[in-house]
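Trainee: Numbering (our numbering), first residue to last: 397 to 565.
#1: How about residue 443 and residue 422: do their beta carbons lie closer than 8 Å?
#2: Per DSSP, what are the beta-bridge partners of residue 469 in this structure?
#3: Using 8 Å as the threshold, is the C-beta distance between residue 435 and residue 424 below it?
#4: For residue 531 and residue 512, what's the separation of their Cα atoms in angstroms?
#5: Take residue 484 as the anchor and find which of 501, 516 and 534 has the nearest alpha-carbon.
#6: If we ignore side chains and look at the alpha-carbon of each, how far apart do residue 515 and residue 429 end up?
#7: List the endpoints of the continuous beta strand (DSSP E) containing residue 481.
#8: Quick check: the region 477-494 against the region 444-453, are there 3 or more CB pairs under 8 Å?
#9: With burial defined as no fewer than 16 other Cβ atoms inside 10 Å of the residue's Cβ, what is the status of residue 431: buried or exposed?
#10: Could you have a look at residue 501 and say whether DSSP puts it in helix, strand or coil?
#11: Taking its Cβ as the centre, do 16 or more other Cβ atoms sit within 10 Å of residue 496, making it buried, or is it exposed?
#12: Per DSSP, residue 436 is paired with what?
#13: With distances taken Cα to Cα, identify the nearest neighbour of residue 481 among 517, 473 and 399.
#14: If I'm right that residue 466 touches residue 525 with Cβ under 8 Å, what's the distance once you round it to whole angstroms?
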């Protein structure tokens, strides 16, 4: 059962973010319950920055529809799910919300978190306030990313302050 996690409990909770991103599929969602988009993410970091704790950094390609929502909105959510939702999450990462209502095609239930959106079925929801967003400089990215970034625009890094959390701890 999803419950509110106090910020004090969140600070005392140990997350294995490497395992979470490797073994659980995560979504980033931005917008309001009336107009939002979501997509799967596989790159992320938890930590502290600029005195704001705790925080998360995610990476989104500017070609993704969700990027437009991240640019326009102050809040976003990161949600992690049990494996039983993997098929839905893979679809949400491969179908564009520009083209169709992909959330309606999934087994996920949007949930209003004030000025942003999460999902009822999530095992962990992090509500984040965007602190920073900037595109990687193609010239300064590692050589191993050269082939990717020679074909597509570099990702944006978004740093968010975790302002609320819900889930099972």
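From the three backbone atoms N, C-alpha and C, an ideal C-beta is built for every residue, glycine too. Since the model is a prediction, treat every value here as computed from it, not as a measurement.
Mentor: Quick look at the numbers:
#1: Contact check for residue 443 against residue 422 fails: the beta carbons are separated by 8 Å or more.
#2: Paired residues: none, contrary to the question.
#3: Result yes, Cβ atoms of residue 435 and residue 424 sit closer than 8 Å.
#4: C-alpha separation (whole angstroms): 23 Å.
#5: Ranking the options by Cα distance to residue 484, first place goes to 501.
#6: Spanning the two alpha carbons is a distance of roughly 11 Å.
#7: Boundaries for residue 481: no beta strand (DSSP E) harbours it, and the DSSP string shows neither H nor E there.
#8: Cβ pair count under 8 Å is below three, so no.
#9: Residue environment for residue 431: exposed (fewer than 16 other C-beta atoms within 10 angstroms of its C-beta).
#10: Coil at residue 501, not helix or strand.
#11: So residue 496 counts as exposed.
#12: In DSSP, residue 436 forms a bridge with 423.
#13: Per the C-alpha coordinates, the member of 517, 473 and 399 positioned closest to residue 481 is 517.
#14: Rounded, the Cβ-Cβ distance is 12 Å, inconsistent with contact.
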